Structures are given as C-alpha cells and as structure tokens.
Amino acid sequence: MNDLWKFDGAEWTWIGGSDLPNQAGSYGSQGTPSASNIPGGREGAGVWQDYNGTPWLLGGWGLDSSGNTGYMNDLWSYTGALWTWESGSNLVNQPGSYGTQGEANPTNTPGARQGGITWTDTAGELWLHAGAGFDASGNLHYLNDLWKFNGAGWIWIGGSNGVDQPGIYGTQGTADPANIPGGREGAMTWKDLDGDQWLFGGWGIDALGEEGDLNDLWQYLP
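What follows is the structure, given as structure tokens:
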C-alpha cells in the first residue's frame, strides 16, 4: 500500500496515496516537491521525523517508478502536504555507493533495503543502520552498515560495505571503536534521555557468522 493517513486523536483522515494495492511510485524531479509525487506501495521502510517535524521515508520492499517489485533505496520527505524525492534511485535493487568512510559525497547512497533501524540525533540528523538489502557489490543479504544523512547528503559512518558480517562484541559493558553489531534486519531500537541509541535483537549474523534470531543488546554513543 501507499496510502497516507492522519489520526487527530479521535478520527482517521485519508490524506493521500491510493486505496488500491501495488501502486507504482511517481517521482517527478529529484529535489522538487509536487502534488503528483507519491512513493510506491511498500513494506519495511525506514521512517524518521526531523526536528522541524518533517517526516522522512527510506526504501523498503515495494514498487518502483516502472511498477517493478524489489528492494528500494529512495529517500523522501513530506512537507506542506507534498512529497519530495530527495535521493536514491527510482528503480529497485540498487547497490550501495559508499564512498570514503566518514566523508560526505553527493554520490553516496545506502543500498536498497528493508528492515533497517532509524533514529534522529540531537542535531536533527537522520541515522540508518543495517537491514536486509544490497551491498556495494550488489550482493543481497544482511547489512551492518551505519549511515548518517545531514540534510544535504549521506555519510557512511561505520560497519561494512559487504553483506553477512559477523558481530564484533568486544568486552560486555565496554565501549570500543572496533565493536559493531553483525548484519541483521528487524531489530528493535529506541533513544534514551541522554540521546544515546539502543538496539536489540533481530534476525541476522552472530559473532561466529551463524544466522538466526539474535537477543544482543547494544548502546551507541554518537
């Protein structure tokens, strides 16, 4: 589905999108809001709300501009009752373009994926971690890459640009730059009152490279 709804505390209002399934996306021109723009039907997308109250949407499994079904990496914002296609591709199953870790580049973009985790930091920047999708070489499986979107472009912060990376756990309770959760999708995430991000479980890769249900708990201090 690609229907958009609003709940005012008592009643639902259908705001936009279709009341029919399997609708292709209408992208328009990248960076330009339009009343005709609408993301295609999808599931497992990443969502945020920035500190201006603007909703953002990334990827998932769904339909691209041609009606083809697969993994998506399109990034959208919704302001003033209009959708804007901000970055990524309007076609399915795109590999990631990572660039140099820690450096912004207009060509950087996460690979198509679903089931990643998302959060907004204290500066209002958007963060993305992991999911099931495509790495830099176009391989499809579990990702553990960490990204930040600063409003102008994507920055690859950490993790691997390849799939199925085992977790590096280090010593329990001790922060270490080498630590990184293994590739996974469907994890739970929340932010505490200090602004630190937490992650729990999901389906993915453990410390030994084995695949299955995980119950590891992680804290990320930006």
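Residue numbering for the sequence shown follows the numbering used here, starting at 39 and increasing by one per position. Backbone N, C-alpha and C fix where the C-beta goes; we use that ideal spot for every residue, glycine too. Note that the structure is predicted; figures quoted are calculated from it, not measured.
- Assignment of Gly66 by DSSP, reduced to helix, strand and coil, places it in the coil class.
- With a cutoff of 7 Å on beta-carbon distance, Asn146 and Trp192 are scored as near each other.
- The beta carbons of Asn128 and Gly108 sit no closer together than 7 Å.
- Nearest C-alpha to Gly54 among Ser104, Ser103, Gly91 and Trp121: Trp121.
- Sequence-distant Cβ neighbours of Leu246 in its own chain, meaning closer than 7 Å and more than five residues away, are Pro204.
- The beta carbon of Trp43 lies closer than 8 Å to those of Trp50, Thr51, Trp52 and Ile53 in the same chain, with the five residues before and after it left out.
- Taking a contact as a CB-CB distance under 8 Å, the pair Leu113 and Ser104 does not count as one, their CB atoms being some 19 Å apart.
- Counting C-beta pairs closer than 8 Å gives fewer than three between the segment 183–192 and the segment 204–213, which falls short of the contact rule.
- Contact between Asn111 and Ala150 holds, since their C-beta atoms are separated by about 4 Å, short of 8 Å.
- Shown here, Thr138 sits in coil according to DSSP, grouped into three states, outside any helix or strand.
- In this structure, Gly211 lies away from Ala225, with their beta-carbon atoms at least 7 Å apart.
- In this structure, DSSP gives Gln235 an extended state, which the three-state scheme calls strand.
- Membership of Gln87 in the beta strand (DSSP E) is indicated by the continuous run Gly84 to Gln87.
- Nearest in C-alpha terms to Asp41, of all of Asn143, Ile243 and Gly79, is Gly79.
- The segment 81–89 makes contact with the segment 157–174: 3 or more CB pairs, one atom from each, lie closer than 8 Å.
- CA-to-CA, the gap between Leu259 and Ile218 works out to about 12 Å.
- About 6 Å separates the CB atoms of Leu166 and Pro148; that is less than 8 Å, so the two are in contact.
- Between Pro77 and Gly118, the alpha-carbon positions lie close to 16 Å from each other.
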